[in-house]
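These notes are about the structure you will find just below.
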Amino acid sequence: MIDLVEQIVRHQLEDTVKELGQPKFRAKQLREWIVQNRVDSFEEMTNLPKAFREKLAESCRIWTTTIAKHTTADDGTEKLLVQLHDGGRIECVLLRDGDRRTICISSQVGCAMGCVFCASGLDGVERNLTAGEIAEQMLRLQMLLPEEERLSHIVVMGMGEPLANIDRLLPALNLASSEDGLGISARRITISTVGLPPAIDKLSKLDTRYHLAVSLHAPNDELRTQIVPVNKTIGIQKILDAADHYFEVSGRRLTFEYVLLSELNDRPEHAQQLAKLLKGRPALLNVIPYNPVPGLPYETPTVQAQQRFREILESHGITVKFRHRKGDKINAACGQLRRLSKENLVPLEGSAPT
Ligand code: SAH
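This is the structure in structure tokens:
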């Protein structure tokens, strides 16, 4: 079977179409059906000759994945648990917020970074997703929208470390940002990373300027290594240098993410240190109160502790935004649905959204 989405992101569709005995322009038509017209059956591709459609049905497939579970929350957030051809599972989410239609996609099955509070990395990483599998999540989520709506934003904040899989991520994001793809402006596409300097440097060399969010979570190396073990061999300074360089070449304001964990990184001295670290950087600090993961010992800080943290940073002139997660009730955060399904706590078919 030929996987058409993979062919599209790898710019190989024309060759495939030629091999199937069709002129080049058929590749454009086929691509438009799949990427822009959100059609996933060959019969519906009415401007293609019937014989070609039959040939496509015999030798090609659009989806390599199946939907193991689809949940919808009261606030309109929809989450897909996607089953890969080899049985691996990943998650992706559609968030509705005013006019915004944001999707959150995964880059790997599991994660190797080991952040202590995160559900995605509890069992390590299984494998990288292919460019086609990353793009497939976008197309699958796009199909959830009514015809007159379009995706407006993408965040690569699902399962996995996107910059550990940058060579497959970039072709997929290219499809998202190109005019003949999903047409989403690069500045509305956010890559969230634990902070891998060589890969950030790679982004600095690109022509496409994605928005970069760096998951910091601690204001000093000792604490960061405790919370984000991969920090041990990297260190905050190298990450900030690479991020600053990205800002210099791209002009894109950086975001730093900070998951707030009660008593661990939410004390006044942490806020003070963080303010010092970020001072002078035209950056936004995105604070995410910890979203509890069953089985983990961490706690969400009290409202007072959150407020105290915010006030200290703001008093130093840092721009702070608190992100309260949408779709919590459907476990729309970070590897949680997959985890439940692994432990068979979630029936996979036909269950009512919780
Ligand atoms: N590996 C990338 C992207 C995936 S995680 C990264 O580290 O940025 C996306 C964001 O969700 C990160 O900032 C991560 O720290 C945060 N996150 C993960 N688990 C969380 C939890 N249980 N509660 C709150 N935020 C969480």
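For the sequence shown, the UniProt record's numbering begins at 1 and goes up steadily by one. For each residue, glycine too, the CB sits at the ideal point set by N, CA and C. Note that the structure is a prediction, hence the values are computed from the model and not measured.
Notebook entry, point to check: So, is Pro219 buried or exposed, given that buried needs 16 or more other C-beta atoms within 10 angstroms?
Noted result: buried
Check: Is DSSP giving Ser192 helix, strand or coil here?
Finding: strand
Notebook entry, point to check: Going by the CB atoms, is the gap between Asp201 and Ala242 shorter than 7 Å?
Noted result: Contact: yes.
Next item on the list: Leaving aside the five residues before and after Ala275 along the sequence, list all residues of the same chain whose C-beta is less than 6 Å from its C-beta, in chain order.
Entry: The answer, listed in chain order, is Leu313, His316, Ile318.
Next item on the list: Let me know the secondary structure DSSP gives Ile227 once reduced to three states.
Entry: Reduced to three states, the DSSP call for Ile227 is helix.
Next item on the list: Compute the beta-carbon to beta-carbon distance between Phe42 and Ala57, rounded to the nearest angstrom, for a pair I have assumed lies under 8 Å.
Entry: 5 Å
Note to self: For Cys111, tell me which candidate among Glu126, Cys104, Phe117 has the shortest Cα-Cα distance.
What the structure shows: Of Glu126, Cys104, Phe117, the residue nearest in Cα terms is Glu126.
Note to self: Using a 10 Å radius around the Cβ and a threshold of 16 neighbouring Cβ atoms, would you call Thr66 buried or exposed?
What the structure shows: exposed
Next item on the list: Note down, in chain order, each residue of its chain lying with its Cβ closer than 8 Å to the Cβ of Tyr290, except the 5 sequence neighbours on either side.
Entry: Phe117, Val259, Leu260, Leu261, Ser262, Tyr298, Glu299, Thr300, Pro301
Check: Is the region 78–94 touching the region 14–32, taking contact as three or more C-beta pairs under 8 Å?
Finding: no
Next item on the list: Please state whether DSSP places Gln83 in a helix, a strand or coil.
Entry: strand
Item checked: Local Cβ density within 10 Å of His324, reported as buried at 16 or more and exposed below that -> exposed
Note to self: Can you check which of these residues, Leu141, Phe322, Ala68, Ser185, is closest to Thr77 by C-alpha distance?
What the structure shows: Leu141
Next item on the list: State the DSSP-derived secondary structure class of Asp15, mapped to helix, strand or coil.
Entry: In the three-state scheme derived from DSSP, where H, G and I count as helix and E and B as strand, Asp15 is classed as helix.
Check: Roughly how many angstroms separate the alpha carbons of Val82 and Val93, rounded to a whole number?
Finding: 11 Å
Notebook entry, point to check: Got a sec? Which residues, its chain only, sit under 8 Å from Arg61 by beta carbon, not counting five neighbours each side?
Noted result: Met1, Ile2, Asp3, Leu4
Notebook entry, point to check: In this structure, what does DSSP give as the bridge partners for Cys115?
Noted result: Cys115 is not bridged to any residue.
Checklist line | Residue of Pro162, Ala172, Ala186 minimising C-alpha distance to Asn128 | finding: A check of alpha carbon separations from Asn128 across Pro162, Ala172, Ala186 identifies Pro162 as the nearest.
Notebook entry, point to check: Considering only C-alpha positions, which residue in the set Met159, Met138, Met157 is nearest to Asn174?
Noted result: Met138
Item checked: Pick from Glu248, Gly295, Arg308 that is closest to Ala119, judged by C-alpha positions -> Gly295
Notebook entry, point to check: Using the C-alpha atoms, what's the distance from Ile8 back to Pro347?
Noted result: For Pro347, the predicted structure reports a pLDDT of 37, less than 50, and the residue's modelled location is therefore unreliable. A value from the coordinates is still provided. Looking at the two C-alpha atoms, the distance is approximately 34 Å.
Item checked: Lys50 - containing alpha helix (DSSP H), residue span -> 50–59
Note to self: Please return the same chain residues whose Cβ sits closer than 8 Å to the Cβ of Glu149, not counting the five positions on each side in sequence.
What the structure shows: Cβ neighbours of Glu149 beyond the five flanking positions: Arg101.
Check: Going by the beta-carbon positions, is the gap between Ile239 and Gly195 smaller than 7 Å?
Finding: Taking 7 Å as the Cβ cut-off, Ile239 and Gly195 qualify as a contacting pair.
Notebook entry, point to check: Looking only at its own chain, which residues have a Cβ that is under 7 Å from the Cβ of Pro268, when we skip the five neighbours before and after it?
Noted result: Result list for Pro268: Arg308, Ile312, in chain order.
Checklist line | 6 Å CB neighbourhood of Gln255 in its chain, flanking five on each side removed | finding: Reading off the sequence, residue 255 comes out as Thr, not Gln. Here the set comprises Ala213, Leu284, Asn286.
Notebook entry, point to check: Helix, strand or coil: which one does DSSP assign to Val293?
Noted result: coil
Notebook entry, point to check: Hey, how far is the Cα of Gly98 from the Cα of Ile154?
Noted result: 15 Å
Checklist line | Reduced DSSP secondary structure (H/G/I, E/B, other) of Val5 | finding: helix
Check: DSSP three-state call for His270: helix, strand or coil?
Finding: helix
Checklist line | Run of the alpha helix (DSSP H) containing Arg31, from where it starts to where it stops | finding: 25–31 is the span of the alpha helix (DSSP H), which, as asked, contains Arg31.
Item checked: CB of Ile184 within 7 Å of CB of Val156, strictly -> no
Note to self: I need the boundaries of the beta strand (DSSP E) containing Tyr258, first residue and last residue.
What the structure shows: Note, Tyr258: beta strand (DSSP E), 254–260.
Check: In its own chain, which residues sit with a C-beta less than 7 Å from the C-beta of Lys232, not counting the 5 before and 5 after it?
Finding: Cβ within range, chain order: Thr225.
Checklist line | Cβ neighbour criterion (16 or more within 10 Å) applied to Pro197 | finding: Around the beta-carbon of Pro197, 16 or more other beta-carbon atoms lie within 10 Å, marking it buried.
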